[in-house]
Every structure is written in C-alpha cells, then in structure tokens.
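Okay, structure first, notes after.
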Amino acid sequence: MPHSSKPSSSHALTDRSYSAVKVQKAVPETFSSKVDKKAQAERVISILEKDGMLPKERIRSEVNWFYEDLGIDITYFILENAETIASHIVSLYAAKISEYAKNTGHINIELQKRTNNSAVFIHSSEPGVSLSESQWERKIDVEYLNKPDVNHAYRLESYRSTGVVAENAPEQLRCYFLQECNFAEPVPNLYSEAARDIRSVADKTFLTKTSEPILKIYEDVMQQALEHDGPAIEMFQVENSSEHHIVVGYRMGSTSNFFSAVTDLCHYYGLYSTRKSVEHFSNGITIMSIYLKPMPSEAPPINISIYRVLEEVSLIYALPDNPFFSVHEGESKLGVQEATYAYVGWLFAQHFCNRLGTAYEALREIIDESDSHQLAILHDIKLRLREETFTRQSIFEVIKSFPHIVRLLYARFSHTHYSQQTHMTNDEPTSAHYKLMSEKPLSEQELYDTIIESASNSHERQVLLALLAFNKSVLKTNFYTPTKVALSFRLDPSFLPKSEYPIPPFGVIFVVGSDFRGFHVRFRDVARGGIRIVRSRNKENYSINQRTLFDENYDLARTQHLKNKDIPEGGAKGTILPNLGADPSRCFEKYVDSVLDLLIKDTSGIKEPIVDLVGSEEILFFGPDEGTANMMDWGAEHARLRGAPWWKSFTTGKTASTLGGVPHDEFGMTTLSIRQYIHGIINFLGLKEEDVTKVQTGGPDGDLGSNEILQSKDKTVAIIDGSGVLHDPIGLDRGELVRLAKERRMISHFDVSKLSPEGYRVLVEDRNVTLPSGQVITDGFAFRNRAHLLFKADLFVPCGGRPESINISNVNELIKDGDKCNYKYIVEGANLFITRQARLELEKHGVILYPDASANKGGVTSSSLEVLVGLSLSDEEYISNMLFVDGKPTQFYMDYVRDIQMNIARNAYSEFEAIWREHKDTGKPRSLISTDMSNALNRLSLQIENTNLFDQEVLRSKILKLVFPETLVNKVGLDVLVKRVPKSYLKSAFAAQVAAGFIYAKGPRASYVDFYDYVSALLQSS
1 MPHSSKPSSS
11 HALTDRSYSA
21 VKVQKAVPET
31 FSSKVDKKAQ
41 AERVISILEK
51 DGMLPKERIR
61 SEVNWFYEDL
71 GIDITYFILE
81 NAETIASHIV
91 SLYAAKISEY
101 AKNTGHINIE
111 LQKRTNNSAV
121 FIHSSEPGVS
131 LSESQWERKI
141 DVEYLNKPDV
151 NHAYRLESYR
161 STGVVAENAP
171 EQLRCYFLQE
181 CNFAEPVPNL
191 YSEAARDIRS
201 VADKTFLTKT
211 SEPILKIYED
221 VMQQALEHDG
231 PAIEMFQVEN
241 SSEHHIVVGY
251 RMGSTSNFFS
261 AVTDLCHYYG
271 LYSTRKSVEH
281 FSNGITIMSI
291 YLKPMPSEAP
301 PINISIYRVL
311 EEVSLIYALP
321 DNPFFSVHEG
331 ESKLGVQEAT
341 YAYVGWLFAQ
351 HFCNRLGTAY
361 EALREIIDES
371 DSHQLAILHD
381 IKLRLREETF
391 TRQSIFEVIK
401 SFPHIVRLLY
411 ARFSHTHYSQ
421 QTHMTNDEPT
431 SAHYKLMSEK
441 PLSEQELYDT
451 IIESASNSHE
461 RQVLLALLAF
471 NKSVLKTNFY
481 TPTKVALSFR
491 LDPSFLPKSE
501 YPIPPFGVIF
511 VVGSDFRGFH
521 VRFRDVARGG
531 IRIVRSRNKE
541 NYSINQRTLF
551 DENYDLARTQ
561 HLKNKDIPEG
571 GAKGTILPNL
581 GADPSRCFEK
591 YVDSVLDLLI
601 KDTSGIKEPI
611 VDLVGSEEIL
621 FFGPDEGTAN
631 MMDWGAEHAR
641 LRGAPWWKSF
651 TTGKTASTLG
661 GVPHDEFGMT
671 TLSIRQYIHG
681 IINFLGLKEE
691 DVTKVQTGGP
701 DGDLGSNEIL
711 QSKDKTVAII
721 DGSGVLHDPI
731 GLDRGELVRL
741 AKERRMISHF
751 DVSKLSPEGY
761 RVLVEDRNVT
771 LPSGQVITDG
781 FAFRNRAHLL
791 FKADLFVPCG
801 GRPESINISN
811 VNELIKDGDK
821 CNYKYIVEGA
831 NLFITRQARL
841 ELEKHGVILY
851 PDASANKGGV
861 TSSSLEVLVG
871 LSLSDEEYIS
881 NMLFVDGKPT
891 QFYMDYVRDI
901 QMNIARNAYS
911 EFEAIWREHK
921 DTGKPRSLIS
931 TDMSNALNRL
941 SLQIENTNLF
951 DQEVLRSKIL
961 KLVFPETLVN
971 KVGLDVLVKR
981 VPKSYLKSAF
991 AAQVAAGFIY
1001 AKGPRASYVD
1011 FYDYVSALLQ
1021 SS
C-alpha cells in the first residue's frame, strides 16, 4: 500500500460525513461526449436490414425501442459502434422471443462481450433484486476489479435503464462498461506532489467526461484515502431528489470483491443504484461512486438506510466475502454487523472451543511424564482430538443454525463496545444507535441460560458458549472504527484453559482480515517480540496451520518470555496466517494498522472513539521474524504517519542507514549469544573447536545459519536448509561455506566439486538419487525433512527449521544402541526446534543441551537496546546520531552497536555459567534449569516492580547506569534519559537488571536473605 510522505492529521472519517447529509446540486457525474444518436440508429437499421436477422417489419420498432424507450445511458452509445449495437439488439430480440415462449412473465437477458482492453455486460435486473446482479458483479470483481496493479487496471461505469425490457415484464437492463485505464500522465513517484494531483493521476476518459463539481468530490476523497489505509467515505443528497450519492475511496488491491459486496449491502437496506462507477488512479487509489434510491416498498426512512450503509461499508470493506451475510435467505438473515460478529466468532471458536475435554485431562493426570512412550501416545491423542472434535464446518453450521442467539450475543457486544454519545445528530439517532435502542441486550447470565435452553446437544452448547466467552473477553476493539482495514480485538486472556495454557499471558490481540487472520500474545505489559508470517504450501497445509496458529503463537511468545528475562520487555510474539494466494506483505500492513487502532488514543476529537476497558495506555514493540524482516521499516514509518509518539521504537530490525535500525544479521547479534554457549561447552570440557564435528540446520542464506558459519572454526559435516541436504563426513569445505554465507545463498549453490568422494548434496526436488554409500533417496523433500535425525556429530546447532522438528515421537531415532545419542552437545538456536519432553529424553541419555530460551537471546537483547535508543533520543538527536551520513554509520552508531554486542556476550555467558553451575550442584537437566532460571528471574522482576526499590535514588542511579549503554549516557546524560523514557519502561528495566544480576550470581534456588544481602552489597558499592 503506498503512503504519502506527509504525516496524517486524521485517520478516521470526519464527523461531517456522518453528522450531516451534504446536499449536492443535481449536476451530472459526467459530461456527455457528442454522439448523433439519430444518425447512429439509422446505421444500425441499415446493418440489421442487410443481415436479415430480424423480421423487416420489426427492425425499426426494435431499434426505436432500444434507443428511445429503454432509457440506456448515453455512455453506452458513445462507447459502442453501430455493428456492436446491432448485434446486441438481435441478441435482445432473440432473448425476448425465447422468454415469451416460456410464458413466465419475465425476460432474462444476459449479454457479454470482451476484447483485449474492454468489456460490456448487459443483463436484465429488477431494482433491489440482488441475486443476478451480485452474480454478474462478482464476475466483474474477479476478472477486472480485484487486480492490484495500476498497469492493468480497468475503469467501470454501470447504468440502469429507465425503461423496462418489455411491456409485460418488470425487468430493467443493467449495463456495465469496462475499459482499461489510460492515465493522463505516467505513474508518478508516490511521494511527489503529482501523486496528489487528480489531473495527473486520473484516466484520460474520466477527465474528459467528468464535471468540475464531481471532480472536486473525487479529489477530496482521494486526499482522504491517501492519508490512511481504510476507506474514506463521503455522502451527498442530490438536490430536490430522494437520490443519495455515496463516494468511497480506498487503496487499490487492499480489499477484494468489494464492488459486488457493496451492492449486496445496499440491497439489504432496501436501496438500489441508478448508476455507479469504479475509477482507478495511478497513485494507487480506487474510488467507487454510487447513486442510491429507496425501493418504494421499503419501510425504514431513507436517512436511516443511508446511514446504515455508511457505517457498514467499512465492515464490508474489511470482510467482503462473509458467508454469514446474504440478502437471499429470508427472515433468518443476519445484518452486516451481526454477520461480521458471527464471522469473527466463528474464527474465535475454531481456535478456542475446549477441544480436549475432561477425559483427556484425567488421562494427562495419570500419565508418567518420565515415560517417553506414554508421552508420545498422549501427544498423538491431543493432536487427534484437536483436529476432529470441532471442525471448521461443524462450528459454521452451529452458528448458522442459531441466528437468534447470534443477534442476542451481538446486541450485548454492541451495547458494550459501541460509543453511543458520538452518534447523535440534532438529538436524532444514527443507524447503529437506532439499532441499539430497538434491542435491549440480555445480561451475560441471561445469555448463558438462553444458550443452554436453545442448544440441543453439548457440541452446539460449546460452540455458542465460545461466542459468549468471546464477548466477555473483549476489552477493546476497532469494530466501529470507520477507517479500519481489518478487525482487531484486545482480549482478556482469562478465557484460556489452564490445562492447555498453564502460564496465562498478560494480553492477547486477535486480528481478522479479508485475506488473513492473526494473533499477538504478550506475557507482560511492556513486551516485545517478532511478527511471524506462517506460510502454507497447499490447502491441506493451510488447514493444519489454521488449527495450530494460536498454539504456535502462544508457545513462541512463552519461549520469548523466557528469553527476555534479563531485558525490560517481557516476551511477545505475533503470527499472521495469510489465505492461500494472499499477498503476505499486504496482510502484514493490515495487521499492523489494525493493531495501531487499539494502541493510538486519538485526542483530536475527530476519530471515532474506542470504548477502552483496559483502562491504561498500552505500547507494543514489534520485531522481525519469519517472513517479516523486510517489513519493519514500513511498520515504523506507518506508526509515525499514524501519529504514534513512540514510532522510532515501534519496530526493531529497521534499515540501519535510513531508520537507525540495528540489523541482527549484519552484526551477528543472535549468533553471538549462541556462540557463548558453544564456547562455554568447549572451554569447560577442554576441547579444541577445530576438532569438533557439527551438524547445522538453517543454511548460509539465513541470519543464524550464515553467522554460525562465519563465527565458527569447527568441522561442519552436514548442513540442512530449505533447498536440501549437504554432507561430507570429512568436513565441508570451509572456504566454500564462507563464500555462500557472505553471499547469503542456499546450499543449492555449493560447488559440489569441493566435496570428497563420500560427500553428497540432495536437493528437495531430487528423485531417486544414489548416495556414495549405495543408499537410494527416492524423495529429496522427505529426506530433507528427516535428515537432522540421521547424521552423527559432536555438536548439533539448529539455526532454522519448523517448531517441534524433534519431538517425543521421533526423538528415539537419535538414540542408537539403546543409550548413545547421535549428538553429544546441542545448542538450540532455532526457536522451539525441540519439544520439552524430547529435550528431557536427550539429556537423560547424556546430551549436554542448552535450549532456545537461553541460547537464542542475542537478537532480543539487541532489539531491546534498539527500542531503548528510540525512546531515549529526541527526533532530532535520533536523526543526527543513528541515521547514516553519506551512506556511512556515525561514530555514535558504531559505538552503540559495540555496546550492544558486549551486553549480549556478557548476559549470555553469565547465564551459561549459572546453568552449568546449577547442573553440577543438583544434577537437574539443563533445559529444566534454564526454565527455572527464567521463571525465577521473571517472577522476581515483577516482585521488584511492586516494591519501592526503584524510588531509592542511590540504587536507582547505579542500576540505570547498567541499563543505559555507556555511549547513550555519555551523549544525553542519565538525568535527561530518566525524564524521557516512560516510567513504566524504566521500572521494568530496573527490575530486570536487578533480578538478572541476582539470579545469575546466586542461582534460582536463592533465598530472600540472599537477595537482601545482594541488594545491601549493591548499595554499599555505590
């Protein structure tokens, strides 16, 4: 989505768009180019007489009917030539004869013509009868309007005939004319003034035909659409008419099937369009224009219907393909707001229906956790129950079958989250307020009782109660924000069952878009973590990802929280699951914008207020993860455009030169932490690194994989990455590995001439490959997925791969001869690569193992200090010190990077030693000690925050000097830093620093007396 370089002054529909209907004089939308209809009609008659397709006595009357009585807009006669019009008249005549023969009283016309750069569709249509019109418009959406590329954009004009097809038939004709855009000027630089000039970015035909008053309306809407990501909406009443003109501007490609969905919305409220158009502009803005009239039989006042359309256009924009909204379903149909609520509830229930039940809980209680076989069986049962207990379709059928329950649940939701005071105009209610007054919401207990009475079985009850749980958990939502691009909900996580999620998160955000769904989970108020895009290879893989999305997010955030123990921010993680075929970067942009809706509190009085049941300001910090490393710049810039004061720290991993980010890969931040654990093992065991054999997942194209190669001196015997498997038992050529690492290329680019006779490379696309040993690999993809279980080496360092690649079901494949493991030492670089039970099994067989929560924390430390510098420096200081000058980093920047690296190394080695020492003293598995240490540190940190230690000036000053890197203190001064950084962040940083120093020094079993002595020593040393 393109963005203006000009900061936005508002990101919501202005009050005037809702509070008053602006009156528009009855000016034409377009100037008609001159066409001599009489002369053209005569040419058509001549053609028809020559072709002989119509009876001669009917030719003139049919042509006169078509030109004069039918009332087709003049645009049609301008765009089409006489030959095409003649063929349409013949087709219409044939259709009328055919329908007359059926004696149904209706005439069904369906004409379509396509060329390389244009199309015409004409069909019969009764005003407000949406089925045929929706079908045609959905076809137009899919084939022409959904395209996000300005180079292949089509403008659309559509008109309804004023006359009917025949005397005894009620149908009028609906005509659609599409023409490939021919822009007035070349596509402009999106940050230039030309990008905001409608005469520079519009189609030539549009400029030729459009009147000045209408052009001004389009320009105003275009400027609004450039200022924010959601739809900009304006409405006008045509003077001396019941007709209303609605204009909607939005970013091209940001939604799909929107044209047909808006038609359904209008028909739902008893409105039909006389004319409508879709115009694309080369600056990436699309504007839809619709002239609406009420059906004569409709009871609601026209203003009520129009206001409902206005308020619900943004919901249609966010979810245009909602299976719960239909205008063809009789009395049980749900309104747009109710249907949108039902859709979100459907997704919520898919993730959070209690899938395991009491039988599973009882079984889990009696399972012996030391028995890996029993744990493997329980793991399989858990997966099976989650897959089969509540399917997407079964949940959908339940919600669809209880529309009256959905209405009652939505009324409660709306009553809680709809800000009523802003929707009164001259003491008259607008649509949503009107709706609220018409339905008094039931209490939560009454809703519960109604669900229990209405549901006929436990399956139905659990699904409907999941929707009630959703209602109770929502603390904040952008549901009623008119400029939203996706729906976001801040949830109270207390609804999560402890049996499945033993450590409750601090907060959960649920995001629902037209082409994705996503979550954000955090374990403390001040929290930071990466945003991961979960990609799906095919429909089956997407289905699996749907079921496991939240669990993966929770586990990642929990692991992140364990990692973040010695920094101010608690653990957090975000996941985005794009639909098959969706653009991941666009999904990320919608996700971020909708989360910002919940974080940025508008003080201008212009933006729609959000009912906030959280009760305090929330700030989130996002970082890069799988699929989002190149999107952090956009996130920071977008937060700045949205007016977020903390935009410099909103994302980490930003481009160094232009936004002052500290890239983990360039400076090897994450690998630096992992290497401390590897060096620790080598040093404590008295090994020589050059003699240590190693297997590595994650290739030289990735951050961890490339830096692990560049920072190591070992004998790497195998590397497994996305492209395949590379193996050489005498050690892979290090010079060739370094070349690939510096070029960031996969092992598919390895020069195989540098392999020994026993070495080989098998790519995922390979089939029936014979290895030097004589073994035949029939499927390279399957071989790659299991290769980490096959090799032997001293050291195993996972630097990439999917979560749970080693689990309780396959861990025994690593253990040979009943006792010996393929690997002696494992330093887990990739997140969640090994499950908890599998780690314990490996350690039981003598493996020295350091889990991801300890080893992979260099990146989080770097990101935390990137956040801190953004909070600490003013905009001017940040630009002059953190941004590159003439393409080179400033001295301040490089000094700050060195401070970060020293901090990473110090913290990592301190934790390594503490775990090694605790294992030596207790014999407890290192993976459990790591968790104990993280939990003890996080628990102590929270306790410290709730004491008055921070208020003790001497201690605070000493600790904050350790929190703020020396380069930052020297530049700004500690007193200024303390004033600038939010107090909540300072207290968190202070507590984390004290807790980390104490736990690393004294261990997780230390007592309160030990802590008292530790703090006393700190004060004395001050």
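Take the sequence shown: its letter number 539 is residue 539 in the UniProt record's numbering, and every next letter is one higher. Positions of the beta carbon are idealized from the N, C-alpha and C atoms, including for glycine.
Rounded straight-line distance, which links the Cα of residue j to that of residue i
i: R939; j: S984; result: 17 Å
i: Q337; j: L265; result: 11 Å
i: K56; j: E49; result: 7 Å
i: D203; j: H638; result: 29 Å
i: F622; j: F588; result: 12 Å
i: R532; j: I85; result: 54 Å
i: E143; j: N579; result: 19 Å
i: N189; j: Q224; result: 18 Å
i: A572; j: E185; result: 46 Å
i: V248; j: K96; result: 37 Å
i: T658; j: M882; result: 9 Å
i: A432; j: A411; result: Here the model assigns A432 a pLDDT of 43, short of 50, so the residue's position is not dependable and the matter cannot be decided.
i: S161; j: S394; result: 44 Å
i: I451; j: R174; result: 45 Å
i: D691; j: T716; result: 10 Å
Nearest residue (CA-CA) to residue i, options the options
i: T416; options: I367, H459, R461, N471; result: N471
i: E110; options: N117, S98, I198; result: S98
i: S273; options: S158, D203, R196, L672; result: S158
i: K654; options: M631, A486, Q676; result: M631
i: R196; options: Q546, F324, V221, A914; result: V221
i: N322; options: S256, I306, I304, C353; result: S256
i: D497; options: S543, D551, I544; result: Sequence inspection shows Pro at residue 497; the Asp mentioned does not correspond to that position. Among S543, D551, I544, the Cα nearest to that of P497 belongs to D551.
i: K590; options: S473, Y250, F352; result: Y250
i: N907; options: M669, G774, S957; result: M669
i: Y418; options: F390, S454, I367, V474; result: V474
i: V201; options: K209, V187, Y191; result: V187
i: A82; options: D36, Y100, A119; result: D36
i: E617; options: S585, P624, L598, T628; result: L598
i: V976; options: S874, A992, Y1012, I290; result: S874
i: D794; options: L974, P803, V969, T693; result: T693
Proximal residues to residue i (C-beta, below 6 Å), its chain only, five neighbours per side dropped
i: F493; result: According to the sequence shown, residue 493 is Pro rather than Phe. Excluding residues within five positions, the ones whose Cβ falls inside 6 Å are P504, P505, V508.
i: A153; result: C181, H280
i: V534; result: N545, T575, L577
Cβ distance (whole Å) where residue i is taken to contact residue j below 8 Å
i: D728; j: S756; result: 5 Å
i: A39; j: Y67; result: Rounded, the Cβ-Cβ distance is 11 Å, inconsistent with contact.
i: L737; j: S748; result: That belief does not hold up - the Cβ atoms of L737 and S748 are roughly 14 Å apart, past 8 Å.
i: W634; j: L871; result: Not confirmed; about 20 Å, so no contact.
i: S930; j: Y850; result: 7 Å
i: F750; j: L726; result: 6 Å
Own chain residues within Cβ distance below 7 Å of residue i, not counting five before or after
i: E460; result: V398
i: D612; result: K476
i: L1019; result: V954, L955
i: F745; result: Correcting the residue identity first, residue 745 is Arg in this sequence and not Phe. The residues are P700, D701.
i: N810; result: L789
i: residue 1053; result: Residue 1053 falls outside the range modelled here, since the chain spans only 1 to 1022, and no answer is possible.
i: A318; result: K484, V485, A486, L487, G513, S514
Own chain residues within Cβ distance below 8 Å of residue i, not counting five before or after
i: H845; result: I815, D819, K820, C821
i: F31; result: Annotation note: pLDDT 47 at F31 (below 50); position unreliable, coordinate value reported separately. Correct list, in chain order: T208, K209, T210, S211.
- Do the region 826-846 and the region 538-550 meet, that is, are 3 or more Cβ pairs less than 8 Å apart? Result no; under three Cβ-Cβ pairs closer than 8 Å.
- Query: Would you call the region 777-791 and the region 675-686 touching, i.e. three or more CB-CB distances under 8 Å?
  - Reply: Segments in contact, no.
- Query: Looking at C-beta atoms only, is the number of pairs between the region 888-896 and the region 930-949 that lie closer than 8 Å three or more?
  - Reply: Counting Cβ pairs under 8 Å, fewer than three are found: no touch.
- Does the region 859-875 come close enough to the region 895-904 that 3 or more CB-CB pairs lie under 8 Å? Touching, per the Cβ criterion.
- Does the region 116-123 come within contact of the region 236-243, defined as at least 3 CB pairs closer than 8 Å? Judged by Cβ distances under 8 Å, the region 116-123 makes no contact with the region 236-243, as fewer than three pairs qualify.
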